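Residue numbers (our numbering), protein chains in the order written: chain A, 2 to 515; chain B, 27 to 263.
Below is one structure, written out as structure tokens; comments come after it.
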């Protein structure tokens, strides 16, 4: 191709190099410290449990999400917008907080078991594998739904009109429009959730544990915090990286961006078949809404009373968390956009690798590595917040990149030549083409990044002291101290802030794209 | 320099995989050339190379004696109309036209007046605030031509932008193309399948056969007495 190199590409390469250094540095530190270490049977049990729970969580979440996404795509009803926004909520919900809500519904003294007990039925325990799966599905079903819904909405209006004009029924619509879309979208969804669950920490910390339900992340945490055994932590981190690297590699190979091309922006609706399909859609939406709303309601009800009397540590921690979230979301979004645009113009393996490599790590892995790096020079405590910002940026970037890349490619395929032929370059291209066309995925991606950073409880647990604590850490500390009332209230503050950040970005993106 | 060559395809060789296309001729200012040939002959490939989207494997596309190889598409003396998506759907028609004057859309009152004039000139007065989705196919083509009028580049490339229009509308568009070309003095290269379009363009035909773009020859004379390859393409009368 005769597409000429632009400054944008240099920027993209520089950013990719920085990102590679940020991720590779800690990995080298971990490898140097953990090399030659042999793992015991308990460690291997953790490895097996990590993989099993992640695979099950990903499959269950994705399968359940398909009917919900389809119902949202083809039905119009009051509250639909709210429900879609709500679908962002559990994924934004810091895992510690989600666990508080789930315990209120599914725990020993929760709504479900009280009902079962009053009917004389045996109580269903929440701790162990089933609890971990429940929490992971709760946290990831909405993400899967939104990702699949975006796939549905990305089917061009022209294609839908063509289907309508050919008299397609639901079966033909599925075969020719929906199944190809699902085939493109689903592997990505499964892999993203799999990778999230491979590195899940806070959920397993509360609902798992013990010899039967310990993940590698939890084992790393215990090695650092309880055994002060940095070498074993490094060894475990190495295994974690190997597993995640395999998953990330599969993701890189399997997940192809959907090639639907572009279409004119005409408002058109998907066909909404009547009959049993209508009832099925209603059922899917109701079940999903209840499953999501009840635990959230429980957090609100438990947290409300204590809001007026928050512990003094909550507000400063909230301030720190907001700064961390905004800074890392902005850096991650700008970086991911630059990388995606560069790759859309011309595939570049270096950039793709840089944008995917963080998936092979986790907060605790990078945290362990950075801990090993900074410890000889300065107190880890003194760099807790910058390190958290950097790690959050690196960890949210692959998701942002995955969200933006297909959009950037579609944009390039549809309008790249027209824009080039009009000299629409640099800032003008950003303002008049890229931002308006990509506003929706940019807003969504930035919202996800901000909320993830806001609720992150990973690297901070290794670094922070009293004065660096972020809000999720404060919630965890309050829970650990059995101050459940205060923990629920702090959790409510945390949820509200995460939700507000996500909503602001996502709604902003949707408005800007109109 | 009336009659002097402005656009020169100098021992040009274009390759895409196994596909190979050569051309070695020049076009005069204001010349109107219908580029014809079977599907897959390389009509769009030729226009892509002139517009700067495809680098020559050998030879050069030159403008007034200067090789355009290092000139990016937007800075070439070229306006190109694609088969579709000539307008950005998220911008108004007036903004789409404005891009032809200033890519950053910082339009002065004079610029806006020019946009209005171009709209009026192409029969789109009052439609500047609409989005492309609210226009008919013919109106969208007019808007793209209106932008070509504003850009006033000396080469106008048409890659079958009117293929989806009916015969009457297409004829209307061709008239408009001739007027735009006359007003801007542009050299026109238009891809078409239809000898009637070539005749209506009222100029020459550059026929592509066996990987070679023949030098343009007078359309009326060529169609009246076609050489064998063109005769095979046109089919029995």
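Each residue gets a CB set at the ideal place from its N, CA and C atoms; glycine is no exception.
Note that this is a predicted model, so its numbers are computed, not measured.
- Residue 243 of chain B and residue 230 of chain B do touch by the CB rule: their CB atoms are close to 6 Å apart, below 8 Å.
- Residue state for residue 231 of chain B is assigned as strand, using DSSP reduced to three classes.
- Around the beta-carbon of residue 507 of chain A, 16 or more other beta-carbon atoms lie within 10 Å, marking it buried.
- Nearest to residue 213 of chain B by C-alpha distance, out of B/78, B/104 and B/225, is B/104.
- For residue 46 of chain B, same chain residues with a beta-carbon under 6 Å away, outside a window of 5 residues either side, are 237 in chain order.
- By the criterion of a C-beta distance shorter than 7 Å, residue 120 of chain B is surrounded in its chain by 141, 154 and 155, once the five residues flanking it on both sides are discounted.
- Counting the other Cβ atoms within 10 Å of the Cβ of residue 408 of chain A gives 16 or more, which makes it buried.
- Proximity to residue 68 of chain B across B/134, B/261 and B/233 peaks at B/233, based on C-alpha coordinates.
- Restricting attention to beta strand (DSSP E) runs no shorter than 3 residues, the segment 153-195 of chain B encloses them at 181-185, ordered along the chain.
- Look at residue 510 of chain A: its C-beta is not under 8 Å from any C-beta on chain B.
- With the rule of 3 Cβ pairs closer than 8 Å, the segment 479-489 of chain A does not count as touching the segment 68-81 of chain A.
- For residue 413 of chain A, the uninterrupted alpha helix (DSSP H) segment begins and ends at 385-422.
- Annotation: residue 64 of chain B to residue 274 of chain A spans about 44 Å, alpha carbon to alpha carbon.
- Per DSSP, reduced to three states, the secondary structure at residue 458 of chain A is coil, with no helix or strand assignment.
- With its beta carbon at least 8 Å from every one in chain A, residue 186 of chain B lies outside the interface.
- Linking residue 453 of chain A to residue 331 of chain A through their CA atoms gives a straight-line distance of about 13 Å.
- In terms of beta-carbon proximity, residue 130 of chain B lines the interface with chain A, with at least one pair separated by less than 8 Å.
- Nearest Cα to residue 154 of chain A within the set A/442, A/335, A/45 and A/207: A/442.
- Chain A has no Cβ within less than 8 Å of the Cβ of residue 49 of chain B.
- Relative to residue 256 of chain B, the option among B/227, B/220, B/226 and B/228 whose CA is nearest is B/220.
- At least one CB atom of chain A sits nearer than 8 Å to the CB of residue 108 of chain B.
- Within the model, the alpha-carbon separation for residue 351 of chain A versus residue 359 of chain A is close to 13 Å.
- Below 8 Å, enough C-beta pairs join the segment 313-331 of chain A and the segment 390-408 of chain A to call them touching: three or more.
- The three-state reading of DSSP puts residue 40 of chain B in strand, counting E and B together.
- For the segment 412-423 of chain A, the beta-carbon criterion of a distance under 7 Å to any beta-carbon of chain B is satisfied by 415, 416, 418, 419, 421, 422 and 423.
- For residue 104 of chain B, the enclosing beta strand (DSSP E) covers residues 104-107.
- Secondary structure of residue 223 of chain A (DSSP, three-state): helix.
- Residue range 315-346 is occupied by the alpha helix (DSSP H) that includes residue 339 of chain A.
- For residue 12 of chain A, there are no C-beta contacts with chain B under 8 Å, since the nearest C-beta of that chain is about 18 Å from it.
- Positions of the alpha helix (DSSP H) runs, each at least 4 residues long and wholly inside the segment 105-189 of chain A, are given as 112-119, 130-154, 158-166 and 171-174 in order along the chain.
- Of the residues assessed, residue 433 of chain A falls on the buried side of the cut-off, its CB having 16 or more other CB atoms within 10 angstroms.
- Sequence-distant Cβ neighbours of residue 248 of chain B in its own chain, meaning closer than 6 Å and more than five residues away, are 231.
- The closest CA to that of residue 59 of chain A, considering only A/343, A/139 and A/368, is found on A/139.
- By the criterion of a C-beta distance shorter than 6 Å, residue 499 of chain A is surrounded in its chain by 93, 452, 455 and 456, once the five residues flanking it on both sides are discounted.
- Non-local C-beta neighbours of residue 166 of chain B in its own chain, meaning closer than 8 Å and more than five positions away in sequence, comprise 112, 113 and 158, ordered along the chain.
- If you check the CB distance, residue 219 of chain A and residue 210 of chain A come in under 8 Å.
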